[in-house]
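K.L.:
Sending over a structure as structure tokens; questions will come in a sec.
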Amino acid sequence: MRMLRAEDAEAVAEILRQAPQAVFWPEASVKEVLEWKGSLGLVIEAAGKVVGFLIGRQTTEEAEVLNLAVAPQDRRKGTGGRLLQAAVEEFRTRGANRVYLEVRESNAAGIAFYEKHGFWKAGRREGYYRDPVETAIIMQKRFEDSRER
Ligand SMILES: CC(C)(COP(=O)(O)OP(=O)(O)OC[C@H]1O[C@@H](n2cnc3c(N)ncnc32)[C@H](O)[C@@H]1OP(=O)(O)O)[C@@H](O)C(=O)NCCC(=O)NCCS
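First residue of the sequence shown: 8, per our numbering; consecutive thereafter.
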């Protein structure tokens with residue numbers, strides 16, 4: 008695992024093209040987000056190729072997973088879990104007390120994945136997503152939760 012760099016933006020956009028459950032960001036958006044204050048970008052490579060990435064950001068005590076995807080042929084091998092765990096640990100080290108994210112209501116795999124990692128459904132936002140329009144489920148993890156220790 009290593010930090011996501013601007014030159015990975017093309018590979019990230021390519022993974023996102025194959026992940027309609029996630030929000031699509033073209034290369035320029037990937038690069039832009041990396042410039043944001045408090046941003047965190049991680050990638051995992053296999054055979055020299057980026058197969059999964061996570062982009063998040065932190066504003067003092069709150070951290071958000073903004074985007075996370077693994078290439079279809081590389082799923083269910085623990086890659087997403089390693090990325091999420093590393094990000095959560097980094098946010099915690101930086102002083103966050105809560106990590107949250109939005110996920111499409113129909114994304115049962117994503118919801119199961121986050122629940123496995125100790126995230127709980129904390130709310131919903133009607134019509135949050137576009138193409139297609141869909142409700143977002145807000146999931147969060149608080150560091151004082153005993154299951155985290
Ligand atoms: C969600 C995603 C990132 C998970 O990545 P991954 O590398 O496949 O995840 P892992 O291999 O670490 O899975 C860890 C656990 O999550 C759960 N999980 C993952 N995919 C699942 C699925 N399709 N159905 C049910 N549970 C699933 C399982 O409990 C799994 O453990 P197991 O394989 O031992 O059963 C990946 O499916 C993906 O890229 N999806 C498309 C984009 C997306 O939905 N992003 C998240 C919303 S923004």
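Every residue gets a Cβ at the ideal spot worked out from N, C-alpha and C, and that includes glycine.
1) Please report the Cβ distance between residue 59 and residue 51, rounded to the nearest whole angstrom; I am assuming they are in contact, meaning their Cβ atoms lie under 8 Å.
2) Taking just the CA atoms, how far does residue 25 sit from residue 53?
3) In angstroms, rounded to a whole number, what distance separates the CA positions of residue 131 and residue 13?
4) If you run the structure through DSSP and keep just helix, strand and coil, what is residue 99?
5) Looking at the secondary structure, which residues open and close the alpha helix (DSSP H) in which residue 17 lies?
6) If the criterion is Cβ atoms closer than 9 Å, does the pair residue 87 and residue 77 meet it?
7) Candidates 148, 44 and 105: which alpha carbon is nearest residue 122's?
8) Is residue 108 close to ligand 2? I mean its beta-carbon at under 8 Å from any heavy atom of the ligand.
P.N.:
Taking the structure as given:
1) Cβ-Cβ separation between residue 59 and residue 51: approximately 5 Å, consistent with a contact (criterion under 8 Å).
2) Each residue's Cα considered, the two are about 17 Å apart.
3) Distance between the alpha carbons of residue 131 and residue 13 is about 32 Å.
4) helix
5) 16-24
6) yes
7) Cα-wise, what sits closest to residue 122 is 148.
8) In the structure on display, ligand 2 does not appear, and the ligands it does have are ligand 1.
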